[in-house]
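In the working numbering, the protein residues as written are 366 to 582.
We treat Cβ as the ideally placed atom computed from N, Cα and C, and that holds for glycine.
Written out as C-alpha cells, the structure is:
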C-alpha cells in the first residue's frame, strides 16, 4: 500500500491492550477486525455438546476477524498480554472499497486461511501421533520466528532455538486430536532421542531441527 493508503487505514485504527486470559470476542458476537501488534491469541469454536475446540493460534502481524463476516465464527482469547490495532467496520470498509491493494491483501489472507485449513485436515486425518506433535512444534517455531517471538532471525529455525508453547498440555492435546498422555509420551520420546529438551511445562529447546523435520510432515 502507498503511504497515503497506509495513513488512511491508520486513521481508522485504535490501539487496545488486553491482559492474558481475557476474551476479545465471543463466537456469534459482532466481529472484531484487528491486527495483532504484540502477544498471542487463541481462537476456539464451541461444539454442540458444550466442549470447545482450539482452531488456531494467532501471532503478531496476524489479522483477527473476518472482514467478510458480520459475526465472529470463533471465540478469541488472549494467552498472553496482547496489543491490538483495531478498526471500526465502517472506516475499514471505506478503505477496502477505495483501495485495490488492500482488497487484494484481504483476498490473499482469505486464501492463506483456506490453505491452513486444508493442511489442518491433513494433520488430523493422515498423520500419526508422533508426526502431529513434531509438526506442531516445527510450525510453532516457524511462526514465533516469523513474528519475532524468539531469539532467532526472522524466517529461520536452527539448532538451539527456544520455543515457548503458549497453550497448556491439555489444550495442545485437544488441538492435535490426541490425549494428554499421548502428547506427553511423544514429547518424551523426542527428548529421549535428543531431538528436543523439555525445560519446563511450556518451554522447549530444539536441539536438532533436521531430525525434528524428519519426524514431521
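(message) My assumption, with CB atoms under 8 Å, is that residue 381 sits in contact with residue 423. Please give the rounded CB distance.
(response) Not a contact, Cβ separation roughly 15 Å.
(request) Note the first and the last residue of the continuous alpha helix (DSSP H) segment covering residue 554. (result) 545-557
(request) Specify whether the region 386-397 and the region 433-445 touch according to this definition: at least 3 beta carbon pairs, one from each stretch, less than 8 Å apart. (result) Short answer: they touch.
(request) Please classify residue 421: does DSSP put it in a helix, a strand, or coil? (result) strand
(request) Flag this pair as touching only if the region 446-460 and the region 401-412 have three or more C-beta atom pairs under 8 Å; answer yes or no. (result) yes
(message) Can you look up residue 502 in the DSSP assignment and give me helix, strand or coil?
(response) helix
(message) Please identify the residue among 464, 431 and 581 whose C-alpha is closest to the C-alpha of residue 500.
(response) 581
(message) Looking at residue 570: is its Cβ nearer than 9 Å to the Cβ of residue 535?
(response) no
(message) Let me check understanding here. Comparing Cα to Cα, which of 523, 509 and 572 lies closest to residue 555?
(response) Ranking the options by Cα distance to residue 555, first place goes to 572.
(message) Comparing C-alpha positions only, which one of 543, 414, 523 and 532 sits nearest to residue 560?
(response) 523
(request) Tell me, to the nearest whole angstrom, how far the beta carbon of residue 492 is from that of residue 578; I am working on the premise that it is less than 8 Å. (result) The pair is not a contact, with the Cβ atoms about 14 Å apart (cut-off 8 Å).
(request) Would you kindly work out how many angstroms separate the C-alpha atoms of residue 565 and residue 495, rounded to a whole number? (result) Their backbone Cα atoms lie some 20 Å apart in a straight line.
(message) Tell me which residue opens and which closes the alpha helix (DSSP H) that residue 437 is part of.
(response) Looking at the DSSP string, residue 437 is not in any alpha helix (DSSP H), and its letter there is neither H nor E.
(request) Run the CB neighbour count on residue 463, radius 10 Å, all protein chains shown included, and call it buried at 16 or more, exposed below. (result) exposed
(request) Give me whichever residues DSSP pairs with residue 390 in a beta bridge. (result) 441
(request) Determine the direct distance from the alpha carbon of residue 473 to that of residue 421, and round the result to whole angstroms. (result) 18 Å
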